[in-house]
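Down below is the structure, laid out as C-alpha cells.
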DNA sequence: CCTCTCGATGGAAACGTTTCCATGCCTTCT
DNA sequence: AGAAGGCATGGAAACGTTTCCATCGAGAGG
C-alpha cells in the first residue's frame, strides 16, 4: 500500500472492469446488487479513494477556487477570506489562498499559476484593477471571477466598501465636530488603490464642508517610527486638530504616538480610523471609525463566483451606503474654541455642544525638546 | 481560443512533435536553435501555458500544500497561516487553506479531499491529535505533514507553543503578585486541546506556588453574554482576585465585562491573557499576557514539511521556553492586603512577601443585586 | 420460436502531460 | 571508407479518471 490504490486495483480485486467501478461509486449507471457489493468490498479492503487529479483531467473541473489578497495578517482580509471560504466549503469547493504581500509581481505570477492549476473561479483583491496584468489574463482565459475591495472596472463585478463615500462621511464627522484642519495618514499609499480612494473621498468631503484641504502623511514601511513622523508632520502643518487614518491599525498607532508626544487624544488631537475592527471599541478612548463588514463582502464575492460557475442568478451587490457606517467614539470630540494662539479668533460659541471644553493648554510646544 | 491551447496545438503550429515542445519549454533535452524559435513563436501566438493538472497526473506531484486551521478570523491562526505561506510560495508551492471552524467532522472530510487532490504536504491544527481520524488517515497515506499548535503524539513533529509551561508561567506571575485565588476563563474548552493544556498547566502552576486551585469558567458560544457569566462566576467563587483568560480576546472581553460590573481592572480584578496580540499593548491598562510568535511557528511548520518533501534536514523545533515569554502589563498588579471582610483572618504574615496588602474593601457585595 | 428491448458489463478512447525508446542524420575517429 | 557516436526529433506509453459504444444474456411480446 505504498502507492495508493487506483480504480484499476479495485476493478481487479472486484473482478470487473474499471467502468463498472466508476459507475458503482458514482452511482451513474446500472449495476447488479451483487456487483455493487463486490466493488464496495474491494474499496473498503483497499481503502480506495478517487484521485481528484485524474478526475480533474477528465472533467475539466477542479472544485477549487483561487483566492488572492494582499495579506491575511490584516484582519480585514482575513475576515473576508474566511467569509469566502465559508461559502465555498459547503458548496464543495476548496480554496487556494495566495497572499501577495502587496507585490504586483507576485500577484501576476501567482494568478498565472492558479489558472494553470485550473481553478474553477477566482476571488481577488488586486493592487490596481485598471492596470493589473493578472486581471487582463484572467479575462482572456474567461475564468469566473469577482473582485474584492477593489473598484470594479467595467465588465467586472466587485464586492467592496465604497471607500470614497466612506471617507466623505469621515469628513462630515469632522465637520460636525467643528474641525477645520485635518491630516490624512496612510500606509503604502502608492501600492493600494484603497488608500488613494479614501484620500480622494476625504479631500472631496473636506471641500464640501468648507474645511481646509487635508495634509497628507504617508508612511512607506510599517516599521518606520510613527512618533517621529507624526511629530514632524504636526510641526510642518500647524493647526491640525484631527487625523483620519486610512485604517484602524494606523489610527491606534497614531493614538499611541500622540501620547508619546505628550498630546492628549482626543483633547489635543482627534483621530478617526477605518475598518471597524472589533478592538476599536475596547480601547480607551474608543476609536471613532468607519465600520465595515469584510466577512459579508468576502461571502458575497464567493456567492458571485459560484453563481457564475453554476449559471445561476448573481447575488446583488450592496449599494454604496450599505457597505459602511460611521461609528462615533471617544477619539473624536467636538473642537472647542478657546484662546487660540494662532491668531484665529474663536468667536462663535458652538450651540450644539454646551458642555464643550478645551483641551489642556500648551499643546504641542514643538520647540521644547 | 475558447478552450486554452494544449501542447498538441503548439506542436502542430510549430510543426513538430509534442515531445519536442515539452523538451524545449522545460529545457529538458536537446533542441536546435531553429526548433526552439518555432516552438517559442507558437507558444506566444497561442498564449500557451502548461496545464498543471495534466502535469500533476504524470508527475504525481501538485506543488500544493494543504493547510488546515480552525479559523483565520483568529489572528493567531491567520498569522501562522501567513507564516507558512510565506515559506511555501517562494519555494514554488501554493496553499490550499481549510478553516474547520472547530468542527471535527469538517476537519476529517476536508483532509480526505485534500489528500484526494494529492497535496504534496500538510500543515495542520487538529482538534485532538490523539483521536483525530484525519491524522490517522494522513499517516496511513504517508503524506508529509507537520502539526501546528498541537501537542505532538509520538512519531509526529509539531510547532507549537508549550501551553502547559506558559500557563505555569502565568501562575508564577500571579504568585509573584501575591494573588491566591484565581479563575481560568476558556472558550470552547472541550473542542480545543490547547485550552485544556493551558488549564492543566495553570492548575499545576498554582499548586506549585501554593495557591488555591483555580475555578473554571467555560463559555460555549462566543455570543453568550460574558458580563452575566462573569458576574455569576465571581459570585459563586468569592475571593477571586485574578483571572487567566485562555486568549487575549477573552481577556479584553473580560476587562470590558468587569468594567460593566463596576469592577476596576486591575484594582479589583487582575487579568492575564494569552497569545500576545499586538493590541494588547495598546489598550489601557495594557494587557499582561503570554507573548507568542504564531508567524514563526507557521513558518517553522512549513519548513518542516518542505524538508520532508525534499528529504533535507528538518529545522529544529524551538525548545519549550523559546516558544513564549511573559509580558507584564497594567492589567496585573500586586495584590495589596487591607481589611478583608470575608471572615478569613489574615493572621499569618507571609514571610516571603512582607509588602502584601489586601484589596480595597467591599468589593463584590454579591447579594446587592 | 424468433426478434426486440433492456439491463449489466467491459473495452477503449480521451483528457494534457512527461519520458522512454527508436530513428535518422551528421560528425569524427580509425 | 566504414563504424561509432552524438544530436535532433517523433511516436507511443503511462498517469487515473469518465464515458461512449459494443457485447451479451434474458425476459417479453408477437
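Protein chains in written order, with this note's numbering: chain F, 1 to 369; chain W, 1 to 369.
In this text, a Cβ means the ideal position worked out from N, Cα and C, and glycines have one as well.
The structure presented is a predicted model; accordingly, all values stated were derived computationally and were not measured.
Of the residues the options, the one placed nearest residue i, counting alpha carbons only
| i | options | result |
| --- | --- | --- |
| residue 295 of chain W | W:188, W:149, W:240 and W:264 | W:149 |
| residue 184 of chain W | W:212, W:191 and W:317 | W:212 |
| residue 382 of chain W | W:235, W:171 and W:300 | With chain W represented from 1 up to 369, any question about residue 382 of chain W goes unanswered, as that position is not in the structure. |
| residue 98 of chain F | F:76, F:90 and F:65 | F:65 |
| residue 153 of chain F | F:165, F:193 and F:177 | F:193 |
| residue 51 of chain W | F:311, F:114 and F:329 | F:114 |
| residue 225 of chain W | W:260, W:164, W:58 and W:87 | W:260 |
| residue 328 of chain W | W:169, W:3, W:34 and W:61 | W:169 |
| residue 130 of chain F | F:140, F:112 and F:151 | F:151 |
| residue 147 of chain W | W:301, W:230 and W:107 | W:301 |
| residue 175 of chain F | F:231, F:219 and F:204 | F:204 |
| residue 46 of chain W | W:258, W:263, W:8 and W:27 | W:8 |
| residue 163 of chain F | F:116, F:210 and F:199 | F:199 |
| residue 322 of chain F | F:303, F:165, F:220 and F:299 | F:165 |
| residue 102 of chain W | W:214, W:73 and W:253 | W:73 |
| residue 371 of chain W | W:303, W:35 and W:206 | No answer is possible for residue 371 of chain W: it lies beyond the span of chain W, which begins at 1 and ends at 369. |
| residue 268 of chain W | W:310, W:255 and W:16 | W:255 |
| residue 326 of chain W | W:253, W:280 and W:315 | W:280 |
Contacts of residue i in chain W (Cβ-Cβ under 7 Å)
| i | result |
| --- | --- |
| residue 4 of chain F | 141 |
| residue 116 of chain F | 49, 50, 51 and 52 |
| residue 282 of chain F | 252, 256 and 283 |
Residue i and residue j closer than 9 Å at C-beta
| i | j | result |
| --- | --- | --- |
| residue 20 of chain W | residue 5 of chain W | no |
| residue 308 of chain W | residue 145 of chain W | yes |
| residue 251 of chain F | residue 331 of chain F | yes |
| residue 96 of chain F | residue 94 of chain W | yes |
| residue 276 of chain W | residue 324 of chain W | yes |
| residue 120 of chain F | residue 63 of chain F | yes |
| residue 246 of chain W | residue 190 of chain W | no |
| residue 335 of chain F | residue 179 of chain F | yes |
| residue 270 of chain W | residue 242 of chain W | yes |
| residue 202 of chain F | residue 227 of chain F | no |
| residue 76 of chain W | residue 292 of chain W | yes |
| residue 167 of chain F | residue 274 of chain F | yes |
| residue 305 of chain W | residue 177 of chain W | no |
| residue 230 of chain F | residue 258 of chain F | yes |
| residue 138 of chain F | residue 111 of chain F | yes |
| residue 285 of chain W | residue 265 of chain W | yes |
| residue 10 of chain F | residue 48 of chain F | yes |
| residue 299 of chain W | residue 91 of chain W | no |
| residue 234 of chain W | residue 263 of chain W | yes |
Under 8 Å from the C-beta of residue i: neighbouring residues of chain W
| i | result |
| --- | --- |
| residue 75 of chain F | 73, 75 and 78 |
| residue 81 of chain F | 72 and 97 |
| residue 85 of chain F | 97, 98 and 99 |
Contact list for residue i against chain F, beta-carbon separation under 9 Å
| i | result |
| --- | --- |
| residue 370 of chain W | Residue coverage of chain W in this structure runs from 1 to 369, which leaves residue 370 of chain W outside it and unanswerable. |
Contacts that residue i makes with chain W (C-beta to C-beta distance below 9 Å)
| i | result |
| --- | --- |
| residue 62 of chain F | 53 and 117 |
Partner residues on chain F for residue i, Cβ-Cβ distance less than 7 Å
| i | result |
| --- | --- |
| residue 308 of chain W | Result: empty, since nearest Cβ-Cβ is about 16 Å, beyond 7 Å. |
Discussion item. Tell me which residues of the region 39 to 57 of chain W have at least one Cβ-Cβ distance to chain F shorter than 8 Å, keeping chain order.
Written reply: 47, 49, 50, 51, 52, 53, 54, 56 and 57
Practice prompt. With 9 Å as the C-beta to C-beta threshold (strictly closer), list the residues of the region 227 to 261 of chain F near chain W in chain order.
Written response: 249, 252, 253, 255 and 256
Worksheet item: Closer than 9 Å, Cβ to any Cβ of chain F: which residues of the region 140 to 159 of chain W, in chain order?
Response: 140, 141 and 142
Worksheet item: Three or more C-beta pairs closer than 8 Å, one from the region 119 to 127 of chain F and one from the region 61 to 75 of chain F: is that the case here?
Response: yes
Item to complete: Could you list the residues in the region 93 to 104 of chain F with a C-beta less than 7 Å from some C-beta on chain W, going in chain order?
Response: 94, 95, 96, 97, 98 and 99
Fill in: contact_flag[the region 79 to 89 of chain W, the region 129 to 144 of chain W] where n(CB pairs < 8 Å) is 3 or more
no
Worksheet item: For the region 263 to 279 of chain W, which residues have a CB atom closer than 7 Å to at least one CB atom of chain F, in sequence order?
Response: 279
Practice prompt. Name, going along the chain, the residues of the region 317 to 328 of chain F whose beta-carbon falls closer than 9 Å to a beta-carbon of chain W.
Written response: none
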